[in-house]
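1 is the number of the first residue of the sequence shown in our numbering; add one for each residue after it. Glycine included, C-beta positions come from ideal geometry on N, C-alpha and C.
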Amino acid sequence: MGKLDKLTRVEADLVGAETLTESKRTGRVVDGMSATVTSTHATVVETGMTVNQVNVRVNEVQEMLGTLLVSVKENKQESTEDREKALQEHVSKTLRPSKTDYAQDWYDKINKARIPGTGDWVRDERIFNEWHDKHMPVMFISGNPGAGKSYIVANMINRLHELHPQGVQNTSLTSVGFFFFKDDNPGTRSFHQALRDLALQISKNDPVYLKHLATIANYEMISTLESAWRLLFVDYFVKKPNADSDVYILLDGVDEAFDEERRTFFSLAKDLYDSAEKSHLQLAVIGRPHISDQLLEGLELEVPTIHVTTQKNSRDINQYIHASIKKSVVLRRVSAKLRQEIVEKLSARAEGMFLWVNLMLQELVKKRNESSMRKALDQAPKGLKEMLRHVLLSFSTSSNEEELEFLNEILLWVTCSRQPLTLAEVESILKLKSPEGDGMIYPEGALRRQFASFFSLNREDGLTTAELQIMSTNRNGLDESDEEGEGRNADEDAFEDVENFTDFDSHKETTTVTFCHASIGDFFRDQTEGKVSDEESHVPVGVDYLHAKAHVLKTFLRIFTDKEFAKKADDGEHMLRHAAENWVHHLLTTHASDCSLEDRRDIAKMLLVALTSEESITGWIGYRGWVSTEANIRAIRQWWEDEEVLESLTPDEQEFISSTKEDPITTLKPVVMLCTKKYVADDMWLAAPVAAVVWSYQSLMKGKEVNFIEMFDPTAEEIIAAAEFGDFEKNALWYRRCAIVLRQLEYFDQALDYFSKAVELAPDMWLCKAGMAIVYSMKKEWQKAIDLDEEVVQTLSAQIEANEEDSGLRASIHTSLERLGDSYQQLGNLEKRFEAYKRAQALTPYCNTCINVLLEHYGTKHDHEATIDLLQTLADTPVPDEDFSRLTQSLWDNPEEDTRYFVLAADAALATDNLDFMVESWRTAARAARKASKTVTATQLDMSLARIYSEFLHDQAKAVKRWERIMNTYASSKDETVVGFAKLKASFELAKQFLCDAVEAGIGTPQAEEAGAKLEKLCKQVKLNDESVLWTVSSMRAICLGIYYRLSGREAEARALFKPSIKRGIAILSDDDPENDMLGFLDLLNALVAAGDVKNVTAAAYHEVFGKYNADDPEGATDNESPGDEDSNWLTCDGPCRKELPTLDDSYQCPICLDTAFCPSCVRLLEDGTMGIRKCNPKHVKDFIYVPPRPKNVTSGKMLVDGQEIDFEVWKQGLKKEWGI
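As structure tokens, this is what we get:
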């Protein structure tokens, strides 16, 4: 039925957002419109205007409108969104959690690197056990930098998970929440963010707590640290009488959090001691020793403390050294005597610091004989700071000058950056550093090898340096012939010895660079440290922190004010965007008093240019905007207070400073005047972002600070006032631009009024009518929208006849045709929709939206030849300036195997004998994706290839190899990423295949035993994660093994494997959230079908969650949503008919294949062996579970069991009794 993929894909997309940067190559949706992107221009909204490269681009639009302005009128949502919005989505919207689940990422990363047994000693600590048993509400874990505190936290989390399994709801709910503070990202330094992320974590395990969160109306109610702590935690876990829920919260690395927030939180945590009710919240704080004073000050009492000492973790250190030697290519080859010396000497001198050991091992592998290693061991520095100085000194003496200059620059930027830098940004920084702008050749290699002592590289697929090296031995494993090549598992993680010639080739824009440990950043930010060099005057290595801060700010300002300098980055303005998004932070945190006179003069002068030159302002304002605040103004003017600085400026510059001194807010007037001009007198820019800048300025002039980055919610009067700020002529353009912003903020009546005034002033301005059409579309007045768009298309068609090469006109009519097609679809006129999209695709042949609409139309009409013609035309059309075709580009946009695009293409290829063409096209696209470092896309295409082999070519051997390669290649990727989800699905497909192999061979035969052994090994190999939002899919492996046991007569073992899904399904159906009932019934249905429980399968299938059914009118059974909802009927026959199933009545469920159902017609095809596609097996038909048309309608709240209606609760209790739950 494909139900599992459809229901879980949303979850995977939410947590696997890394694909967003890859897949939307041909278009963006902006302001409800398609913005078609080419290499030289972007057409934005209904304007049809070409956006100049130095102005607002589509990427800015995505940032400004998608991120900054998406919160517009949050209380106003379209009715379809209200209808479809699940409870968890509402809670997520209120909480505004981190876009990336940093806590889970770090937990997974630490667990993967943690050697088994590390930190086990903490489980025997008296304080830990008393804290767990709730004899104390707060405990503190104290340890020095690099002592392995995070590994101990991971161990405690694992122990708590063992004692309190997550994701298995019951009447006594105990949750485990954790957060890892990291000082390299603002989001991972904030206690406020941590509390909101923790609340979301807990809500996924505790449905009652989820309902509590749903009572919080909006983000504003928890917008402060105090209110978030009170509403999210105290009111529920501390003050609520007779609460059934408990939570253990672990906060690691609190010393890396913002100091002010940390102190505030410690004061708030007194609530855990002061409440009259017994607290149900247990808090563990983990950090460096100096935090204990702040805890004492905040809580006003001594907190029980576990100290991470050398005596306690010496065994862990010893294990780590042994594992590292075993893993290292160099160290495992030295003599046994030297290996023993390494273990003994490093263990003795480590003083409990894993980081010290790791840095020392990095030094040892650089040596090439045993005497050098012994010398290094004997001269090993004592303490972490001494060790870091030693490492820097070794670089200074052993590396060439050019290499050291690059190392210093990377150290400087990573130290000062407020968030992880991408590889692309590092490359650009090094180009700016080099005199000729040529940068450093292959910096990733240096970061992973020579500079690995300091840096960690984090890829979107989670692969580490060691794992990439292992993959390199089978570099083309996924691209070579499917008859060859095997994937291999990565070694266990410890210290990584990376001295070889692997070409890592990570995706530059999604791979980030950070210090491998927080204490390294602390070391370089220590103003007393500075740079290190030897006596022979080699290049000093390290960071002069205050100079580094000034250097970063100067670089950003120089990018804005010096075009020739900016060109050195040669990165399509990527560095300009980075500078524009981050320079204000550095302006606020860099103090003039800390800088040299030269730096002060440079910064003062460049600030004047950046804030007064229209050319310079144009370069940066579109990426971030400018929020007018008193703090921003003070941060600017501090650079103009020094007389020695002022005397270096020109008379004009001095005049500007003096003229704005009395009223400092006027410092920003040149910026705001330019934005006003771009708002109402220039249609080359999007209106809303620049209007927001003006609104912010006007609000500050009235004494109110507003931050449109968090919320853009001006009144209609304020929008108009912003437009009037510059006294520009109120012509047609002025009214139209005002109308655009009014429309975006859903002031529809005012928007229509202003569009109408624009039409009165300029009757021939088709853009105004297009704007009105959008308003009517947003109001769902489809015919009015159609009438206007037909007129617009007619006008544009006449214009384009006179100038066929005008790309702006072509893009504009394309956009209008798409909107026209959507309106016809809403009215149910699908032929008119097709005609509009056909014309649109002719204008822009590579538009992904158009391609999908045409494929759907051809599929509906069974016009398979037209489908293949379209795909072959794309294959024959190269992408300009690239070495791949439009079809490859299209497949990058649609890589998944569970989409309509894939099914329609595959059905057409099968019907027209073009499967070879399909295989080659998908393989070509996957190869090109890997070449372009698009790991996510390549993995999804590999899954699609496996489905082609399995389902359409009936070549199971090739399918199995591809699934196994995906699993082996991405073994460490967590399930909730897109790559991890592909790995998860591959494991499910393998499990089904091994089960089917056993059934095909005959249960009990040697061949079946062999297949069963593979299935057992697979289930042991891939651990089932109870907490995963993808449980329904991840549990299917165990269910497949349960089916094998059931067929083998091992009933008790089978039921033990089915029981977790039964238990979870019942738990979900027992909470008071109807939105998640579908997942609960799916869990039940999968397990009950596998158990062969015909009675309860039929009862579950009759529930209205699977569709509304009228026994008196079976043909009218439906659960259709709006015509535009492509997933409205998510139940489909898995046979070649692909027919939508409005309900499960009159369908057949396969108890062997799982997630597989057929209509009666396709069952007959399967029995006769004439199905064409390989879905299920004729041998399974005898075991099918048939769900007959229900004999009567089922009353809401009832279940139909054996023809009799019983209460839902009675049925549920019967299941619990039957399964011992």
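The stretch 571-582 makes no contact with the stretch 626-645, as fewer than three CB pairs between them are under 8 Å. For residue 291, the closest alpha carbon among the candidates 993, 533 and 302 is that of 302. Cβ contact annotation for residue 285 (same chain, cutoff 6 Å, sequence separation greater than five): 140, 251 and 254, in chain order. The stretch 1156-1173 and the stretch 1055-1067 do not touch, with fewer than three beta-carbon pairs separated by less than 8 Å. DSSP lists 285 and 305 as the bridge partner or partners of residue 140. Excluding residues up to 5 positions away in sequence, 187, 193 and 197 lie with their Cβ nearer than 7 Å to the Cβ of residue 98 in the same chain. Excluding sequence positions up to five before and after residue 856, its CB lies within less than 8 Å of the CB of 900 and 904, all in the same chain and listed in chain order. Straight-line measurement puts the Cα of residue 1051 at about 23 Å from the Cα of residue 1099. Taking C-beta separations shorter than 6 Å and ignoring five residues to either side along the sequence, the partners of residue 425 in its chain run 578, following chain order. Among the bridge pairs identified by DSSP, residue 885 is matched with 878. Using a Cβ distance threshold of 7 Å, residue 448 and residue 464 do not count as a contacting pair. By the criterion of at least three beta-carbon pairs nearer than 8 Å, the stretch 324-335 is not in contact with the stretch 149-162.
Burial of residue 280 is indicated by the presence of at least 16 other C-beta atoms within 10 angstroms of its C-beta.
Residue 594 sits in a helix when the DSSP states are folded into three classes. Straight-line spacing of the CA atoms in residue 646 and residue 266 works out to 45 Å. Uninterrupted beta strand (DSSP E) stretches at least 3 residues long and entirely within the stretch 607-657 do not occur.
About 6 Å separates the Cβ atoms of residue 603 and residue 553, confirming a contact at the 8 Å cut-off. A distance of 7 Å or more separates the beta carbons of residue 146 and residue 364.
When secondary structure is reduced to three states using DSSP, residue 976 falls in the coil class, being assigned neither helix nor strand. Note on geometry: alpha-carbon atoms of residue 1146 and residue 230 lie some 52 Å from one another.
No Cβ-Cβ contact shorter than 7 Å links residue 103 with residue 191. Note on the stretch 429-471: whole beta strand (DSSP E) runs with a minimum of 3 residues are 455-458, in chain order.
Within the stretch 1140-1216, the runs of beta strand (DSSP E) that reach at least 3 residues and sit entirely inside it are, in chain order, 1147-1149, 1185-1187, 1198-1201 and 1204-1207. Between residue 1144 and residue 1187 a beta carbon distance of about 5 Å is seen, short of the 8 Å cut, so the two are scored as contacting.
Counting of Cβ neighbours within 10 angstroms places residue 599 among the buried residues, the total reaching 16 or more. Assigned with DSSP and collapsed to three states, residue 539 falls in coil, not helix or strand. Taking a C-beta distance under 7 Å as the contact criterion, residue 219 and residue 118 do not qualify as a contact pair.
Annotated three-state conformation of residue 124 is helix, per DSSP. Counting every other CB atom within 10 Å of its CB across the protein chains shown gives residue 862 a total below 16, marking it as exposed. When DSSP states are grouped into helix, strand and coil, residue 216 belongs to the coil group.
As a beta-bridge residue in DSSP terms, residue 176 pairs with 248. In this structure, the beta-carbon distance from residue 431 to residue 563 does not fall below 7 Å. Counting only runs of at least 4 residues, the stretch 257-282 fully encloses the following alpha helix (DSSP H) elements, listed from N- to C-terminal order: 259-268 and 271-274. Its chain contains 312 as the residues whose beta carbon lies nearer than 6 Å to that of residue 121, once the 5 sequence neighbours on both sides are disregarded; these appear in chain order. For the pair residue 256 and residue 181, the CB atoms are nearer than the 7 Å cut-off. In the DSSP assignment, residue 530 falls within the beta strand (DSSP E) that extends over 530-532.
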